[in-house]
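Notes to accompany the following structure.
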Amino acid sequence: MTETIVVTSGKGGVGKTTTSASLATGLAMQGKKVAVIDFDVGLRNLDLIMGCERRVVYDFVNVIHQEATLKQSLIRDKRHDNLYVLAASQTRDKEALTQDGVGRVLDELKTDGFDYIVCDSPAGIEKGAFLAMYFADRALVVVNPEVSSVRDSDRILGLLSSKTRHAENGKGGVPAHLLLTRYNPERVSSGQMLSIGDVEEVLGLPVLGVIPEHDSVLSASNQGVPVILDATSNAGQAYVDAIARLLGEERPMRFTEAAKKGLFKRMFGS
Amino acid sequence: MGILDFLRTRPKNTASIAKERLRIIVSQERSSRNTPDYLPMLRTELLAVIRKYVHVDLDAINIQVERDGEHEVLELSVALPEHKPGATG
Ligand SMILES: Nc1ncnc2c1ncn2[C@@H]1O[C@H](COP(=O)(O)OP(=O)(O)O)[C@@H](O)[C@H]1O
Ligand SMILES: [Mg+2]
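And the structure:
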């Protein structure tokens, strides 16, 4: 059985690609055979975050237009040989993705025995985002504790429940999980940032995981190593926990409480 | 900085403002979801027609699509201004 998971959000810059790279890597670390696909045609990013940008020969659009086979286009990860990346095209227009074409590629991956297909959605609610979610069995909605991101997530949740194959087949909306990223417990405790509870209450869904805002995410992307592989990073460890929960394990939340500050620090700034 | 200054300059709780704004906008958007795309246009055109007779604002016009068993019902209500509506034409 193959499970197709879309990582989506509506808003850009919230951490979808960061999450897709860590999710795919995390699943591969559990021994699953995983393909991660960049749907952001024209603005490919995932190859950089995965650190395989120099090995992109053919891309997703080439496969859809049958200019290359899927086998030729899948890039095997350097660190896990059960993990493959399918890069987005850098040059073609957005119309290059077709519903039939995407469906065919996903079906071929299923036939090839992949356990998971992770679809990294582009921002927005246009064609690329629509196709990334259309075939999904499950969705990870990435949200930042910030008004525009929360509002966009709600729109995406609406689309997941109506504009997907899952919904059209009468199976109801695509089951969705919220992943709250770029969370800063200090700012939450000083009333400057929406809390986990606030976001859950507004969206009416429990949060699957909370990824703290952390510098290690930038240094991981600088190096082309998904942050989940950084054992010293809180953000990386939070991804490990979130993926375990996605696979059904129960784990307590970590890194969600502000460090206790003394009165001195509170009075004189951090 | 003394303790009084610290208390005075404490930043206000903007997260609760954010939450309140979101609560309103999200519930509004949810209720307008799955309604026909032509509703906003219909509302503006109705406004133009109604304004030939009475001066009302756009937000005085409320349009909703309700499900009634098999049927969909377009519900329309217009709140008239307080004073006696005088025809302008
Ligand atoms: N938890 C985090 N802490 C700090 N920076 C983050 C975090 N998650 C993402 N970022 C940064 O935010 C930016 C956007 O992330 P990205 O994954 O590309 O978002 P998207 O794919 O949604 O546009 C990147 O610069 C990334 O390094
Ligand atoms: Mg991205």
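Chain order of the listed sequences is A and B. Numbering-wise, this note's numbering puts 245 at position 245 of the first sequence, and it's gapless, one number per residue. Numbering-wise, this note's numbering puts 1076 at position 76 of the second sequence, and it's gapless, one number per residue. Note that CB positions come from ideal geometry on N, CA and C, so glycine has one too. No experiment lies behind these values; they were computed from the predicted model shown.
Applying the 10 Å Cβ sphere with the 16-neighbour rule, what's the burial state of residue i?
i	result
residue 285 of chain A	As shown, chain A starts at 1 and ends at 270. That puts residue 285 of chain A outside it, with no answer to give.
residue 166 of chain A	buried
residue 241 of chain A	buried
residue 50 of chain A	buried
residue 1017 of chain B	exposed
residue 129 of chain A	buried
residue 1023 of chain B	exposed
residue 1026 of chain B	buried
residue 1058 of chain B	exposed
residue 1038 of chain B	exposed
residue 1033 of chain B	exposed
residue 153 of chain A	buried
Taking residue i as part of the beta strand (DSSP E), name the residues at either end of that continuous run.
i	result
residue 4 of chain A	3-8
residue 209 of chain A	207-212
residue 1066 of chain B	1061-1068
residue 37 of chain A	34-38
residue 1071 of chain B	1071-1078
Please go through the same chain and pick out, in chain order, the residues whose beta-carbon is closer than 6 Å to the beta-carbon of residue i, but skip the five residues on each side of it.
i	result
residue 138 of chain A	5 and 175
residue 87 of chain A	38, 44, 47, 56 and 59
residue 235 of chain A	211, 212, 214, 216, 217 and 227
residue 70 of chain A	63 and 108
residue 30 of chain A	none
residue 77 of chain A	83
residue 187 of chain A	193
residue 155 of chain A	10
residue 1072 of chain B	1065
With a threshold of 8 Å on Cβ separation, who are the neighbours of residue i within its own chain once the five nearest residues in sequence on each side are excluded?
i	result
residue 115 of chain A	1, 2, 3, 27, 32, 33 and 34
residue 89 of chain A	41, 42, 44, 59, 60, 61, 62 and 96
residue 245 of chain A	208, 209 and 251
Got a sec, what are the start and stop residues for the alpha helix (DSSP H) residue i sits in?
i	result
residue 1040 of chain B	1039-1050
residue 63 of chain A	60-64
residue 1032 of chain B	1014-1032
residue 174 of chain A	Neither: residue 174 of chain A is in no alpha helix (DSSP H) and is coded neither H nor E.
residue 118 of chain A	It is not in any alpha helix (DSSP H) - residue 118 of chain A instead sits in the beta strand (DSSP E) that spans 116-120.
residue 105 of chain A	99-111
residue 56 of chain A	It is not in any alpha helix (DSSP H) - residue 56 of chain A carries neither H nor E in the DSSP assignment.
residue 150 of chain A	147-160
Excluding the 5 residues flanking residue i on each side, which residues of the same chain have their C-beta closer than 7 Å to its C-beta?
i	result
residue 1046 of chain B	1061
residue 225 of chain A	51
Which of the residues in the region 177-210 of chain A, read from start to end, lie with their CB under 8 Å from any CB of chain B?
188, 190, 191, 192, 193, 194, 195, 198, 201, 202 and 203
Stretch pair the region 8-17 of chain A + the region 146-153 of chain A: three plus CB contacts closer than 8 Å:
yes
Output, in sequence order along the chain, the residues in the region 1017-1047 of chain B whose CB is closer than 8 Å to any CB in chain C.
Structure shown: chain C not included; protein chains present are A and B.
Can you list, in chain order, the residues of the region 139-157 of chain A whose Cβ is nearer than 9 Å to any Cβ on chain B?
145, 146, 147, 150, 151, 154 and 155
Could you please tell me which residues of the region 5-31 of chain A, in chain order, have their CB closer than 7 Å to any CB of chain B?
none
Chain B contacts made by the region 159-175 of chain A, where a contact means CB separation under 8 Å:
162
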